[in-house]
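Peer 1: The structure is given below, and queries will be raised subsequently.
Numbering (our numbering), first residue to last: 72 to 262.
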């Protein structure tokens, strides 16, 4: 399993630290990395450059999933590359007729289409190389890192996950997450 956990936090850092403490309650060691200013979704990793000297996994704090993180970690090790993104499929319902144009004539017309996309789950596996290329003391997000790696002609792999995953970045999602957690507690906690 994963025994050493680093929590990068800025806003409400003291509240987060008081809840999780040192991690002993869960049988893990938790170390905190606190940002002085907002560094984005990847920038805080630079603060851990001395600690992260082998492949590691990161998980955004605003997701709920039953993913077995060992699976994406193994996948990353097998495929190599500096980064693997966990991805899920999501559908977007468009409430309008969508028109494709060729200059000023209709090329295609789809009434209220359902579009399907692969989306980032907020679960990533990295090699230490990524820490070396993250700018120092600057806001740097996942899309910035992906663009930088691709500009270096490096492959960024994806790990497709079909199981339960929920982003809880909005208020209505947080309410749904509480309900889903109660229903799926055993799968999520691995009990």
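Beta carbons: idealized from backbone N, C-alpha and C, even for Gly.
It should be emphasised that the depicted structure is a prediction, and the values quoted were computed from it without experimental measurement.
To test your reading of the DSSP string, which unbroken alpha helix (DSSP H) runs of 4 or more residues are found completely within the stretch 180 to 207?
Peer 2: Those alpha helix (DSSP H) runs which fall completely within the stretch 180 to 207 and span 4+ residues are 200 to 204.
Peer 1: Taking only the alpha-carbon atoms, compute the straight-line gap between residue 210 and residue 166 and give it to the nearest angstrom.
Peer 2: So the alpha carbons of these two residues sit roughly 36 Å apart.
Peer 1: Sort 148, 135, 252 by Cα distance to residue 194 and report the nearest one.
Peer 2: Comparing Cα-Cα distances from residue 194 to each of 148, 135, 252, the minimum goes to 135.
Peer 1: Could you tell me which of 191, 152, 240 sits nearest to residue 224, measuring between CA atoms?
Peer 2: Of the candidates 191, 152, 240, the one whose C-alpha sits nearest the C-alpha of residue 224 is 152.
Peer 1: At what residues does the beta strand (DSSP E) containing residue 223 begin and finish?
Peer 2: Where residue 223 is concerned, there is no enclosing beta strand (DSSP E), given that its DSSP letter is neither H nor E.
Peer 1: What number of angstroms, rounded off, separates the C-alpha of residue 144 from the C-alpha of residue 118?
Peer 2: So the two alpha carbons sit approximately 22 Å from each other.
Peer 1: Using only the alpha-carbon positions, how far apart do residue 113 and residue 216 sit?
Peer 2: Approximately 8 Å, taken between the alpha carbons.
Peer 1: Which of the three DSSP states is assigned to residue 232 in this structure?
Peer 2: Coil at residue 232, not helix or strand.
Peer 1: Hey, how far is the Cα of residue 200 from the Cα of residue 227?
Peer 2: Each residue's alpha carbon lies about 13 Å from the other.
Peer 1: Where does residue 252 sit, in a helix, a strand or coil, going by DSSP?
Peer 2: Here residue 252 sits in helix by DSSP.
Peer 1: Residue 76 and residue 99 look like a contact to me (Cβ under 8 Å); what is the Cβ gap, rounded to whole Å?
Peer 2: Right, the Cβ-Cβ distance comes to about 5 Å (below 8 Å), so this counts as a contact.
Peer 1: Rounded to the nearest angstrom, what separates residue 83 and residue 246 at their Cα positions?
Peer 2: Each residue's alpha carbon lies about 20 Å from the other.
Peer 1: Counting along the chain, where does the alpha helix (DSSP H) carrying residue 86 start and finish?
Peer 2: First-last of the alpha helix (DSSP H) with residue 86: 84 to 91.
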